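Visitor: Protein chains in written order, with the working numbering: chain C, 1 to 113; chain F, 114 to 228.
A virtual CB, placed ideally from N, CA and C, is assigned to each residue, including glycine.
Just so we're clear, the structure is a prediction, and the values are computed from it rather than from any experiment.
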């Protein structure tokens with residue numbers, strides 16, 4: 001089965017600083033999802049990447065997919081307190097087996113004002 | 114467009130009881146997936162329904178079951194509740210299912226506490 005490892009597990013940054021979260025897969029990445037979650041709440045969809053080398057941006061958040069490294073990175077520019085939360089990466093099964101996602105353990109981000 | 118809705122939001126049950134959770138997907142979406150989130154195991158896939166048929170099933174005991182109705186709304190049922198079933202149950206809505214990956218949108222979750 002596919003496993004996703006996120007690093008770091010937690011991160012504390014000063015407001016205004018940039019940061020990067022990584023998600024590494026044990027198998028070929030077919031569809032890679034990034035979500036944000038506030039404690040005890042639902043997941044907020046950030047973006048989905050499909051092709052190697054694909055890069056997407058949403059406001060100050062950019063995600064890239066490196067197919068060769070089986071890795072995705074999420075970069076936040078000029079962090080704000082509103083960026084605080086848990087960031088989760090999820091991967092879709094290879095070969096079109098539906099929407100069954102495997103998730104990483106999450107990265108807890110705190111932004112100090 | 115309204116998002117994914119889940120009811121109830123909070124639930125307290127006693128061991129041995131059964132519970133039914135409901136999920137209404139985004140209008141037009143035909144796939145609903147269910148996940149269990151716990152501090153120890155993280156986010157784990159339970160099952161997926163597409164066009165009223167179970168398409169995928171995760172590694173959970175038979176006490177966990179689900180179904181989907183013709184309007185794409187879905188329910189999941191847990192029978193003979195155990196303390197370990199205490200978790201946040203999340204459902205996700207997608208336009209379709211396979212062969213390409215589809216964007217999945219999650220609901221706010223149902224917090225189940227088993228005492």
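Give the interface partners of residue 87/C over in chain F, defined as CB-CB distance under 9 Å, in chain order.
Guide: Here residue 87/C refers to the residue found at position 87 of the first chain. Result: empty, since nearest Cβ-Cβ is about 12 Å, beyond 9 Å.
Visitor: Pull up the DSSP beta-bridge partners for residue 179/F, would you.
Guide: Position 66 of the second chain holds residue 179/F. For residue 179/F, which the question treats as bridged, DSSP gives the partners 189/F.
Visitor: When the distance is taken between beta carbons, is residue 162/F closer than 8 Å to residue 175/F?
Guide: The count along the second chain starts at 1 and reaches residue 175/F at position 62. The count along the second chain starts at 1 and reaches residue 162/F at position 49. For residue 175/F and residue 162/F, no; Cβs fall outside 8 Å.
Visitor: Going by Cα to Cα distance, which pick from 201/F, 136/F, 182/F and 212/F is closest to residue 92/C?
Guide: The count along the first chain starts at 1 and reaches residue 92/C at position 92. Out of 201/F, 136/F, 182/F and 212/F, 212/F has the C-alpha closest to the C-alpha of residue 92/C.
Visitor: For chain F, is any of its Cβ atoms less than 8 Å away from the one on residue 50/C?
Guide: Within the first chain, numbered from 1, the residue matching residue 50/C stands at position 50. Interface residue, yes.
Visitor: With 16 other CB atoms within 10 Å as the buried threshold, where does residue 150/F fall?
Guide: Translated into positions along the second chain, residue 150/F becomes position 37. By the 10 Å Cβ count, residue 150/F comes out buried.
Visitor: Is the CB of residue 53/C under 8 Å away from at least one CB in chain F?
Guide: On the first chain, position 53 is the one that residue 53/C refers to. Chain F contact via Cβ: absent.
Visitor: Where do the ends of the beta strand (DSSP E) carrying residue 51/C lie?
Guide: Residue numbering aside, residue 51/C sits at position 51 when the first chain is read from its first letter. Where residue 51/C is concerned, there is no enclosing beta strand (DSSP E), given that its DSSP letter is neither H nor E.
Visitor: Between 200/F, 128/F, 191/F and 135/F, which lies nearest to residue 41/C when the distance is taken from Cα to Cα?
Guide: Reading the first chain from its first residue, position 41 is the one you call residue 41/C. Of 200/F, 128/F, 191/F and 135/F, the residue nearest in Cα terms is 200/F.
Visitor: Starting from the beta carbon of residue 167/F, find every residue of chain C whose beta carbon is closer than 8 Å, and list them in chain order.
Guide: Here residue 167/F corresponds to residue number 54 of the second chain, with the count starting at 1. Residues of chain C passing the Cβ test: none, with the nearest at roughly 10 Å.
Visitor: With a cut-off of 8 Å, does the C-beta of residue 39/C fall near any C-beta of chain F?
Guide: Reading the first chain from its first residue, position 39 is the one you call residue 39/C. With 8 Å as the cut-off, residue 39/C does not count as an interface residue toward chain F.
Visitor: Under the three-state reduction of DSSP, which class applies to residue 196/F: helix, strand or coil?
Guide: Looking up residue 196/F in the second chain gives position 83. Helix.
Visitor: State the Cα-Cα distance for the pair residue 219/F and residue 58/C, rounded to the nearest angstrom.
Guide: Numbered from its first residue, the second chain carries residue 219/F at position 106. Numbered from its first residue, the first chain carries residue 58/C at position 58. Going from the Cα of residue 219/F to the Cα of residue 58/C covers about 18 Å.
Visitor: Quick check: the region 10-24 of chain C against the region 189-198 of chain F, are at least 3 beta-carbon pairs closer than 8 Å?
Guide: Flag = no, the region 189-198 of chain F and the region 10-24 of chain C do not touch.
Visitor: Among 224/F, 227/F, 159/F and 141/F, which one has its Cα closest to the Cα of residue 116/F?
Guide: The residue labelled residue 116/F in the question sits at position 3 within the second chain. Among 224/F, 227/F, 159/F and 141/F, the Cα nearest to that of residue 116/F belongs to 141/F.
Visitor: Check whether the Cβ of residue 123/F lies closer than 8 Å to any Cβ atom in chain C.
Guide: Position 10 of the second chain, counting from 1, holds the residue named residue 123/F. Not an interface residue.
Visitor: Could you list which residues in chain C have their beta carbon closer than 7 Å to that of residue 218/F, in chain order?
Guide: The residue given as residue 218/F occupies position 105 in the second chain. Chain C residues near residue 218/F: 45.
Visitor: Run through DSSP, which three-state label would residue 142/F get?
Guide: The residue given as residue 142/F occupies position 29 in the second chain. Here residue 142/F sits in coil by DSSP.
Visitor: Report the three-state DSSP secondary structure of residue 82/C (helix, strand or coil).
Guide: Here the question's residue 82/C lines up with position 82 in the first chain. Looking at residue 82/C - three-state DSSP - the assignment turns out to be helix.
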